[in-house]
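The block underneath contains the structure these notes are about, expressed in structure tokens.
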Amino acid sequence: MLTNTGRLPDTAHTAQPWRIHALVPDFRLEDVWALPTPGGPGDLDRLVRQMAGGPGDFTGAARALFALRWKLGRWFGWDAPETRVGARVESLRARLPADLLSSPGPDLAAVPLTSVFLTGTEWAAELANRTVHTVMHIGWVPTPEGGHRGQMAVLVKPNGAFGRAYMAAIRPFRHLIVDPALVRLIGRGWQRSAA
151 MLTNTGRLPD
161 TAHTAQPWRI
171 HALVPDFRLE
181 DVWALPTPGG
191 PGDLDRLVRQ
201 MAGGPGDFTG
211 AARALFALRW
221 KLGRWFGWDA
231 PETRVGARVE
241 SLRARLPADL
251 LSSPGPDLAA
261 VPLTSVFLTG
271 TEWAAELANR
281 TVHTVMHIGW
291 VPTPEGGHRG
301 QMAVLVKPNG
311 AFGRAYMAAI
321 RPFRHLIVDP
331 ALVRLIGRGW
341 QRSAA
């Protein structure tokens with residue numbers, strides 16, 4: 151049985167010797183989540199493949215919130231091509247040291263996140279739009295029970311006053327609905343991939 155799943159204190163991310171820290175000093179840590187993905191020391195690659203290839207099928211309130219967000223994005227141009235990584239903002243890959251350039255990892259199929267790098271213990275993917283430049287960081291950490299599990303951190307760099315207001319407005323929905331649904335979705339995928 152995996153304990154300590156759900157939202158974690160910021161130190162669960164900041165105290166780790168992650169490579170991502172040196173790449174995003176201008177980003178803010180939004181939150182950290184323990185993933186229900188019990189495994190062994192080398193299982194991060196399995197989790198990354200699952201997340202990159204997964205359908206991303208949310209249900210209920212999370213699905214409705216995503217549908218609303220994508221609709222608003224279309225109406226107001228928040229997700230237009232000129233707002234994305236490589237257009238509005240430079241990719242974090244431009245900040246990578248030479249040893250990380252050769253291991254970008256896979257992009258996600260279900261959402262417009264582009265992989266930045268993949269190592270044996272961490273994976274980072276980025277997204278940009280008119281509101282924010284964000285990084286999803288997946289770390290592979292030891293557990294008190296002697297195993298390992300995934301840990302997800304969300305790092306953000308809001309785009310001006312509008313981006314800060316947007317992030318403040320969505321924070322309660324993310325913490326109460328969207329992120330817990332994402333954690334459950336990842337956990338269900340992990341269980342299916344083990345079967």
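Numbering (this note's numbering), first residue to last: 151 to 345.
Idealized CB from N, CA, C, for every residue including glycine.
None of these values were measured; they are calculated from a predicted model.
With distances taken between CA atoms, Gly190 lies nearest to Glu295 out of Leu250, Glu295, Leu242.
Following the DSSP letters along the chain, one finds Pro292 inside the beta strand (DSSP E) bounded by residues 282 to 292. Nearest Cα to Val198 within the set Asp229, Leu263, Ala331, His171: Leu263. Between Trp340 and Glu272, the C-beta gap is not smaller than 8 Å, which leaves the two residues out of contact.
If only uninterrupted alpha helix (DSSP H) runs of at least 4 residues are considered, those enclosed by the segment 198 to 246 are 210 to 226. Runs of the alpha helix (DSSP H) spanning 4 or more residues and lying entirely within the segment 156 to 206 occur at 161 to 164, 170 to 173, 194 to 203, in chain order.
Its chain contains Leu173 as the residues whose beta carbon lies nearer than 7 Å to that of Arg245, once the 5 sequence neighbours on both sides are disregarded; these appear in chain order. Of Leu158, Thr161, Asn279, the smallest CA-CA separation from Gly227 is found for Asn279. The C-alpha of Arg338 is placed about 32 Å away from the C-alpha of Pro231.
As the crow flies, the alpha-carbon of Trp183 is around 15 Å from that of Met201.
In the DSSP assignment, Ala274 falls within the unbroken beta strand (DSSP E) covering 272 to 278.
Pro330 is not bridged by DSSP to any residue. Ranking Pro175, Ala162, Asp193, Leu179 by CA distance to the CA of Ala344 puts Asp193 first. Non-local C-beta neighbours of Leu250 in its own chain, meaning closer than 7 Å and more than five positions away in sequence, comprise Arg169, Phe267, ordered along the chain. Nearest to Val291 by C-alpha distance, out of Arg178, Leu185, Gly156, Phe177, is Leu185. Boundaries for Gly296: no alpha helix (DSSP H) harbours it, and the DSSP string shows neither H nor E there. Annotation for Thr293: Arg299 place their beta carbon closer than 6 Å to its own, counting only its chain and skipping 5 residues before and after.
When rounded, the separation of the alpha-carbon atoms in Thr269 and His287 is 12 Å.
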